[in-house]
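One structure is given below, encoded as structure tokens.
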Amino acid sequence: DQQVKQNSPSLSVQEGRISILNCDYTNSMFDYFLWYKKYPAEGPTFLISISSIKDKNEDGRFTVFLNKSAKHLSLHIVPSQPGDSAVYFCAASYTNAGKSTFGDGTTLTVKP
Amino acid sequence: DTGVSQDPRHKITKRGQNVTFRCDPISEHNRLYWYRQTLGQGPEFLTYFQNEAQLEKSRLLSDRFSAERPKGSFSTLEIQRTEQGDSAMYLCASSSGQGGNDGYTFGSGTRLTVV
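Top line first, the protein sequences correspond to chains F and D. First residue of the first sequence: 2, per this note's numbering; consecutive thereafter. First residue of the second sequence: 13, per this note's numbering; consecutive thereafter.
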């Protein structure tokens with residue numbers, strides 16, 4: 002049973018517009034949620050995280066929103082840039098956990 | 013610091029052979045993780061070390077897989093009697109805090125192809 006799901010395999014947006022990537026989880030025991038970005042031939046790069054005691058965390062152009070009741074989180078990128086084109090992975094973990102459980106990723110394409 | 017280094021970048025092996033991968037984490041990081049990723053899927057946890065102690069091992073990791081981190085520095089992942097289903101990208105990551113909470117620094121991975 003997949004505990005972290007990214008239901009949209011791909012997303013295409015115009016440069017300068019907002020990109021919204023979504024993630025759902027089934028395990029209510031998860032306390033931390035993270036987003037990673039991956040370019041081809043490279044390992045994933047950590048972007049931003051949020052703990053379950055918050056509903057929003059912002060870092061520059063990236064904002065993550067958490068809706069615990071819906072077991073849903075989203076990553077907003079504003080404004081989107083062509084360099085943001087990559088695969089984005091959502092991940093979840095418990096407090097003081099070493100391991101994370103990843104979704105299968107969403108490929109974002111930002112068109113100039 | 014050059015980040016997390018993995019060697020080799022690519023490995024092609026015949027079914028039944030043994031392979032070994034190496035990971036050099038960021039020197040200040042005491043936690044080291046191995047993940048596996050197949051096409052179209054996200055990274056899947058294999059195992060995790062804090063210093064030289066292996067703290068957690070996935071149930072997915074069969075007895076053919078073994079990982080070590082002698083002296084809490086670099087780590088090796090060995091796969092014995094490889095099978096075609098072992099073909100994947102093997103990712104190593106390290107962290108100073110709890111990686112599941114604070115995020116990992118990943119290496120570029122070792123791509124294994126079993127023919």
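Glycine included, every Cβ here is placed at the ideal spot set by N, Cα and C. Everything numeric in this text was worked out from a predicted model, so none of it was measured.
Give me the DSSP bridge partner(s) of residue i.
i: T88(D); result: R34(D) and E80(D)
i: Q66(D); result: F61(D)
i: E56(D); result: R48(D)
i: I11(D); result: Absent from the structure is residue 11(D), since the part of chain D shown begins at 13 and ends at 127.
i: R93(D); result: Answer by DSSP bridge pairing: none, since R93(D) is not bridged.
i: S120(D); result: Answer by DSSP bridge pairing: none, since S120(D) is not bridged.
i: N23(F); result: S75(F)
i: D32(F); result: Note: D32(F) sits in no beta bridge, so no partner.
i: D19(D); result: R34(D)
i: Q15(F); result: K112(F)
Any chance the CB of residue i is under 6 Å from a heavy atom of the ligand FAD?
i: K69(D); result: Looking at this structure, you won't find the ligand FAD or any other ligand, since it has none at all.
When the Cα atoms are used, what is the spatial distance from residue i to residue j?
i: G78(F); j: S101(F); result: Here the sequence assigns Ile to residue 78(F), which means Gly is not the residue at that position. So the alpha carbons of these two residues sit roughly 23 Å apart.
i: K26(D); j: P45(F); result: 28 Å
i: R48(D); j: E56(D); result: 5 Å
i: I19(F); j: Q66(D); result: 42 Å
i: Y33(F); j: I38(D); result: 23 Å
i: G28(D); j: E95(D); result: 6 Å
i: L124(D); j: E80(D); result: 19 Å
i: Y45(D); j: Q7(F); result: 23 Å
i: T108(F); j: G84(F); result: 13 Å
i: S99(D); j: L67(F); result: 35 Å
i: Y89(F); j: V16(D); result: 20 Å
i: D139(D); j: N113(D); result: Nothing can be reported for residue 139(D), as the shown portion of chain D is limited to 13 through 127.
i: T110(F); j: T14(D); result: 29 Å
i: K38(F); j: A87(F); result: 6 Å
i: F86(D); j: D36(D); result: 5 Å
i: D60(F); j: K69(D); result: 33 Å
i: P82(D); j: P10(F); result: 40 Å
i: D105(F); j: Q53(D); result: 4 Å
i: S50(F); j: V5(F); result: 15 Å
i: F31(F); j: E16(F); result: 34 Å
i: C91(F); j: V127(D); result: 32 Å
Can you tell which of the options has its C-alpha closest to the C-alpha of residue i?
i: H73(F); options: W36(F), T27(F) and G17(F); result: T27(F)
i: V65(F); options: L48(F), A71(F), S81(F) and T107(F); result: L48(F)
i: Q62(D); options: S120(D), V126(D), S107(D) and G119(D); result: S107(D)
i: C104(D); options: R34(D), L51(D), N30(D) and S74(D); result: R34(D)
i: E64(D); options: Q92(D), H41(D), S74(D) and R76(D); result: H41(D)
i: S78(D); options: V127(D), G52(D) and N30(D); result: N30(D)
i: P80(F); options: K69(F), S70(F), F63(F) and S13(F); result: F63(F)
i: T59(D); options: R71(D), T32(D) and Q110(D); result: R71(D)
i: R76(D); options: T88(D), R93(D) and V126(D); result: R93(D)
i: G121(D); options: A42(F), Q3(F), I21(F) and W36(F); result: A42(F)
### Task
Counting only runs of 3+ residues fully inside the region 82 to 109 of chain F, write out the beta strand (DSSP E) ranges in chain order.
As summarised for the region 82 to 109 of chain F, the continuous beta strand (DSSP E) elements at least 3 residues long and confined to that stretch are 87 to 94, given in chain order.
### Task
Report the residues of the region 42 to 65 of chain F with a CB closer than 9 Å to any CB of chain D, ordered along the chain.
Those would be A42, E43, G44, P45, T46, F47, L48, I49, S50 and S52, in chain order.
### Residues of the region 23 to 36 of chain F with Cβ closer than 7 Å to any Cβ of chain D, in chain order
Those residues of the region 23 to 36 of chain F that come within reach of chain D (Cβ to Cβ, closer than 7 Å) are Y33 and L35.
### Message
In chain order, what are the residue ranges of uninterrupted beta strand (DSSP E) at least 3 long that sit wholly in the region 41 to 87 of chain F?
### Response
With a minimum length of 3 residues, the continuous beta strand (DSSP E) runs that stay inside the region 41 to 87 of chain F are 46 to 52, 57 to 60, 63 to 68 and 73 to 78.
### Query
If you measure beta-carbon to beta-carbon, which residues of the region 89 to 104 of chain D are closer than 7 Å to chain F?
Legend: CB atoms of the region 89 to 104 of chain D lying less than 7 Å from CB atoms of chain F belong to residues L103.
### Query
the region 25 to 56 of chain D: which residues have C-beta closer than 9 Å to a C-beta of chain F, in chain order?
Flagged, chain order: R43, Y45, Y47, Q49, G52, Q53, G54, P55 and E56.
### Message
Any C-beta of chain D within less than 8 Å: which residues of the region 94 to 105 of chain F qualify?
### Response
Result list: S94, Y95, T96, N97, A98, G99, K100, S101, T102, F103, G104 and D105.
### Query
What are the residues of the region 115 to 127 of chain D that lie near chain F, defined by any Cβ-Cβ distance shorter than 8 Å?
Against chain F - using a Cβ distance shorter than 8 Å - the residues of the region 115 to 127 of chain D are G115, Y116, T117, F118, G119, S120 and G121.
### Query
Got a sec: which bits of the region 64 to 89 of chain D sit with their beta carbon under 7 Å from any beta carbon on chain F, in order along the chain?
Per Cβ criterion, the list reads L67 and E68.
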